[in-house]
Amino acid sequence: MARIAILLTDRCHPKECQWECQAYCPPVRMGQECIVEGPTGKPIISETLCIGCGICVHKCPFDAIKILNTPEAKESEIVHRYGYNGFRLYRLPVPPTEGITGLLGPNGTGKSTALRLLSGAEVPNLGDYEEPGSWEKVLEHYRGTALRAHFDRVAKGELRSALKPQYVDRIAEESKTVRAYVEESGGNADPVIDALGLSGSSDRPLGELAGGQLQLAAIARTLATDADLYLIDEPSSYLDIVHRLRVARVLRRLGETKSVVVVEHDLGLLDYLADQAHLLYGVEAAFGVISHPIPMRSAINTYLTGYLKDENVRFRTEPVRFVAHPPKPPARANVLVEFGSLEKEFPEFHLTVGGGSLAKGETVGVVGPNATGKTTFVRMLAGVEPPSAGAPPPGVTVSYKPQYLKATQSASLRERMAALASDPTFDGKLFERDLVPGLHLDEVLDVALPDLSGGELQRAAVALALARPATLYLLDEPSAYLDADERMAMARLIRRQVERQAVTALVVDHDVYFLDLACDELMVFRFETADGSRGRGDGPFAMREGMNRLLKTVDITFRRDAETLRPRINREGSALDREQRAKGEYYYEAAA
């Protein structure tokens with residue numbers, strides 16, 4: 001084991017504290033220079049002098065320090081390091097000449113860094129952060145390995161790579177149309193635009209597109225590039241289940257002749273996409289270790305159990321467990337909320353939602369393609385959007401987490417909690433006792449809300465929504481921006497809180513694993529017309545019936561994995577796929 005010290009520079013504010021890290025450090029008090037002021041005015045922590053007491057970690061008022069013991073990863077395996085007390089990445093995947101390789105792991109453990117290093121956009125510094133990376137040193141370091149051959153081609157400019165960026169919202173700032181943006185790749189734009197379903201938006205300016213269309217535009221530009229290696233960072237963000245499967249099929253065809261590396265948090269999609277995967281483990285913003293390649297089925301199961309047998313590393317205290325049947329039958333005798341049919345008329349869209357009832361202690365998923373009216377339905381129940389016909393259920397207390405989040409207050413989450421302490425509509429004890437640890441918000445309690453990342457802000461918003469006593473909780477896309485671990489933790493927490501408080505919740509989401517863990521029933525939305533001008537929502541249905549209705553429109557079948565009981569997408573045309581289609585069972589007919 002090696003001890004490393006991490007300073008989160010964005011959280012460290014030495015002018016606003018008393019340098020508690022230095023004042024209370026035992027080696028410093030014994031006269032050793034374990035913590036000193038660096039050239040930027042922020043502390044530098046000596047990893048050789050540090051005794052691992054953890055006092056500086058607890059005394060820092062901004063939670064800016066981490067003292068960690070790394071797993072058995074050798075210092076010689078460091079690929080890249082950002083500063084003395086900065087993040088370090090161990091190992092890199094070796095892209096095969098063709099096929100799809102997945103990268104799976106928590107946020108902040110180096111997946112996007114690995115893609116940049118493989119593409120040559122950033123030269124590995126091999127741990128020598130004081131000098132810029134040198135191809136000569138890299139080639140010497142990896143002499144006799146497959147990575148040496150890869151980097152040799154990158155250094156000579158012989159390996160053409162195309163990198164799809166993680167944050168696609170930034171391309172909206174470019175003043176060009178979708179077609180012009182895709183054509184900048186130098187390739188033939190039309191086939192890719194058609195394959196991804198962007199034809200109707202190809203002449204629209206990027207600034208007018210929604211998040212899902214921006215994602216498709218970024219993928220189209222990448223795939224239109226003539227390259228040997230395609231690096232795709234989080235292709236499912238903002239996309240509904242229909243477009244996720246469309247993108248997956250396009251990438252699978254590409255992987256038949258090209259090398260593709262995909263970073264993805266939707267486990268079902270990655271399982272369907274990739275041939276093999278590398279797991280990443282470590283600590284967010286501190287270090288990441290990339291495992292050796294694992295066949296795809298074993299990779300997901302290993303990730304869920306949390307134990308890498310070949311490396312003798314455990315990175316999860318408890319395995320994630322699924323159930324082999326719809327979670328529980330509808331408890332119609334315990335109806336808590338009943339709503340009548342609702343309609344909403346827009347200039348170019350009409351939504352109709354049939355009446356239904358929600359039972360006590362149940363979480364109901366709201367599923368279907370984008371633009372079918374799911375968010376509009378939730379907003380009508382929340383009282384944010386007045387219906388054109390019908391009315392939301394009277395006498396129902398609602399707590400609503402909207403789809404799009406924006407921090408309007410400069411206060412921290414702790415300050416926000418203190419301000420709500422006297423509010424009878426906020427349960428501070430529940431927030432502090434269950435929601436903060438359950439959603440891993442401990443380390444960001446003192447960070448200003450506008451400074452939180454997308455995933456941190458999402459978790460904070462869900463925690464604030466669940467801390468408000470209500471009859472009906474409305475959570476619109478709570479898994480957005482979260483990594484796979486955070487999604488599964490949130491799914492279990494939502495389900496547990498709803499059951500414990502004997503309330504009900506409606507959850508809009510597109511991640512099948514998240515829905516399978518969190519939900520008891522489903523409401524299914526669909527288009528009633530081919531031009532998308534009318535949407536229809538029905539339900540709630542029992543889990544199996546709801547998923548069958550959804551997956552039939554998507555034209556995909558699921559089965560259960562025999563080892564972990566997780567949902568798995570069947571390969572089109574396989575024996576099990578044909579058998580389930582013949583029976584009309586699109587959702588986990590058998591464990592296999």
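In the numbering used here, the protein residues as written are 1 to 592.
Backbone N, C-alpha and C fix where the C-beta goes; we use that ideal spot for every residue, glycine too.
In this text, all values refer to a predicted model and were calculated from it rather than measured experimentally.
Simplified DSSP state of residue 509, which is helix, strand or coil: Indexing the sequence shown from 1 puts residue 509 at position 509. Three-state result, residue 509: coil.
- DSSP state of residue 297 mapped onto helix, strand, coil: Locating residue 297 in the sequence shown gives position 297, where the first residue counts as 1. Reduced to three states, the DSSP call for residue 297 is helix.
Q) Can you name the start and end residues of the alpha helix (DSSP H) that residue 232 belongs to? A) As a position in the sequence shown, residue 232 is number 232, starting the count at 1. Where residue 232 is concerned, there is no enclosing alpha helix (DSSP H), although the beta strand (DSSP E) it sits in stretches over 229-233.
Q.
So if DSSP puts residue 4 in a beta bridge, which residue, or which two residues, is it bridged to?
A. The residue you call residue 4 lines up with position 4 of the sequence shown. Note: residue 4 sits in a beta bridge opposite 68.
Assigned secondary structure, residue 481 (DSSP; H/G/I helix, E/B strand, else coil): Start at 1 with the first residue of the sequence shown, and residue 481 comes out as number 481. Reduced to three states, the DSSP call for residue 481 is coil.
**Study point:** Residue from 253, 176, 363 and 485 whose Cα sits closest to the Cα of residue 306
**Key:** Counting from one through the sequence shown, the residue named residue 306 turns up at place 306. Answer by Cα proximity: 485.
How would you label residue 125, buried or exposed, when you count the other beta carbons within 10 angstroms and need 16 or more for buried? Walking along the sequence shown from the start, residue 125 turns up at place 125. The residue in question, residue 125, is buried, as its Cβ has 16 or more Cβ neighbours within 10 Å.
(Q) Distance cutoff 9 angstroms, beta carbons only. Does residue 334 sit that close to anything in chain B? (A) The structure shown contains no chain B; it holds only a single protein chain.
Would you call residue 614 buried or exposed, if buried means 16 or more other Cβ atoms sit within 10 Å of its Cβ?
Since the displayed the chain opens at 1 and closes at 592, residue 614 lies outside it and no answer follows.
Review point. Taking one C-beta from the segment 88-98 and one from the segment 34-42 each time, how about it: are there three or more such pairs within less than 8 angstroms?
Key: no
Subject >> Environment of residue 167 [buried if 16+ CB atoms lie within 10 Å] >> reply: One-based indexing of the sequence shown puts residue 167 at position 167. Exposed, because fewer than 16 other Cβ atoms sit within 10 Å of the Cβ of residue 167.
**Q.** Best match in 334, 302, 89 and 345 for proximity to residue 603 [C-alpha to C-alpha]
**A.** Since the displayed the chain opens at 1 and closes at 592, residue 603 lies outside it and no answer follows.
*Any chance you could list the alpha helix (DSSP H) runs of at least 4 consecutive residues sitting entirely within the segment 94-159, in chain order?*
111-119, 135-141 and 146-156
Exercise. Drop a sphere of 10 angstroms on the beta-carbon of residue 226, count the other beta-carbons inside from all chains shown, and report buried for 16 or more, exposed for fewer.
Key: If you number the sequence shown from 1, residue 226 lands on position 226. Answer is exposed; the Cβ neighbour count stays below 16.
- Item | Unbroken beta strand (DSSP E) run spanning residue 522, endpoints | On the sequence shown, position 522 is the one that residue 522 refers to. 521-527 is the extent of the beta strand (DSSP E) around residue 522.
Q: Kindly indicate the opening and closing residues of the alpha helix (DSSP H) around residue 241.
A: Stepping through the sequence shown from its first residue, residue 241 is reached at position 241. Looking at the DSSP string, the run of the alpha helix (DSSP H) that includes residue 241 is 241-255.
Does the Cβ of residue 490 have 16 or more other Cβ atoms within 10 Å, making it buried, or fewer, making it exposed?
-> Mapped onto the sequence shown, residue 490 falls at position 490. It counts as buried.
Checklist entry - Any idea what DSSP makes of residue 13, helix, strand or coil? => result Walking along the sequence shown from the start, residue 13 turns up at place 13. Correct three-state label for residue 13: coil.
Could you have a look at residue 406 and say whether DSSP puts it in helix, strand or coil?
Position 406 of the sequence shown, counted from the start, is the residue given in the question as residue 406. In this structure, residue 406 counts as coil in the three-state DSSP scheme.
Within a Cβ cutoff of 6 angstroms, which residues of the same chain sit near residue 17, ignoring the five residues on either side of it in sequence? Taking the sequence shown and counting its residues from 1, the one referred to as residue 17 is at position 17. Cβ neighbours of residue 17 beyond the five flanking positions: 61.
- Task: Drop a sphere of 10 angstroms on the beta-carbon of residue 210, count the other beta-carbons inside from all chains shown, and report buried for 16 or more, exposed for fewer.
- Result: Counting from 1 along the sequence shown, the entry for residue 210 is found at position 210. Burial call: exposed.
Q) Can you list, in chain order, the residues of its chain whose CB lies under 6 angstroms from that of residue 91, leaving out five sequence neighbours each side? A) Position 91 of the sequence shown holds residue 91. Cβ within range, chain order: 77 and 290.
*Proximity below 9 angstroms, CB of residue 465 to CB of residue 401*: In the sequence shown, residue 465 corresponds to position 465, counting from 1. In the sequence shown, residue 401 corresponds to position 401, counting from 1. Yes. Within cutoff.
To the nearest angstrom, how far is it from the Cα of residue 518 to the Cα of residue 505?
Here residue 518 is taken as the residue at index 518 of the sequence shown, counted from 1. Here residue 505 is taken as the residue at index 505 of the sequence shown, counted from 1. Whole-angstrom Cα-Cα distance: 10 angstroms.
Expressed to the nearest angstrom, what Euclidean distance is found between the alpha-carbon atoms of residue 608 and residue 134? Because the chain spans 1 through 592 in this model, residue 608 falls outside it and cannot be assessed.
request  = Return the chain-ordered list of same chain residues with a C-beta closer than 8 angstroms to the C-beta of residue 179, the five sequence neighbours on each side being excluded.
outcome  = As a working note, residue 179 is residue 179 in the sequence shown. Cβ within range, chain order: 189, 193, 202 and 203.
Entirely enclosed beta strand (DSSP E) segments - the segment 309-358, minimum 3 residues: 335-339, 342-345 and 350-353
Practice item. Going by CA-CA distance only, name the one from 271, 293, 467 and 462 that's closest to residue 430. Key: Here residue 430 refers to the residue found at position 430 of the sequence shown. Residue 430 has its Cα closest to that of 467, out of 271, 293, 467 and 462.
Compare the Cα-Cα distances from residue 555 to each of 369, 450, 389 and 280 and report the closest residue. As a working note, residue 555 is residue 555 in the sequence shown. Here the closest residue by C-alpha is 369.
Chain-order list of residues whose beta-carbon lies under 6 angstroms from that of residue 222 (same chain, five-residue window excluded) | Taking the first residue of the sequence shown as position 1, residue 222 is located at position 222. The answer, listed in chain order, is 162 and 164.
inquiry  = Alpha carbons only, please: which of 89, 111 and 101 is nearest the one belonging to residue 129?
reply    = For the purposes of this step, residue 129 is taken as residue 129 along the sequence shown, with counting starting at 1. If we check each option's Cα against that of residue 129, 89 comes out closest.
Label residue 13 either buried or exposed according to how many other C-beta atoms from any shown protein chain fall within 10 Å of its C-beta, with 16 as the threshold for buried. Numbered from its first residue, the sequence shown carries residue 13 at position 13. It is exposed - the Cβ of residue 13 has fewer than 16 other Cβ atoms within 10 Å.
Practice task
Taking all protein chains shown into account, decide if residue 497 is buried (16 or more other Cβ within 10 angstroms of its Cβ) or exposed.
Solution key: Start at 1 with the first residue of the sequence shown, and residue 497 comes out as number 497. By the neighbour-count rule (16 or more Cβ atoms within 10 Å), residue 497 is buried.
**Prompt:** CB-CB under 8 angstroms to residue 414, same chain, minus the five flanking residues each way: which ones, in chain order?
**Reply:** Position 414 of the sequence shown, counted from the start, is the residue given in the question as residue 414. Cβ neighbours of residue 414 beyond the five flanking positions: 445 and 446.
Return the Cβ separation of residue 546 and residue 524 in integer angstroms, given the expectation that the two are a contact with Cβ distance under 8 angstroms. Here the question's residue 546 lines up with position 546 in the sequence shown. Here the question's residue 524 lines up with position 524 in the sequence shown. Yes, they are in contact, since the Cβ atoms of residue 546 and residue 524 sit about 5 angstroms apart, within 8 angstroms.
Cβ neighbour criterion (16 or more within 10 Å) applied to residue 487 = Mapped onto the sequence shown, residue 487 falls at position 487. By the neighbour-count rule (16 or more Cβ atoms within 10 Å), residue 487 is buried.
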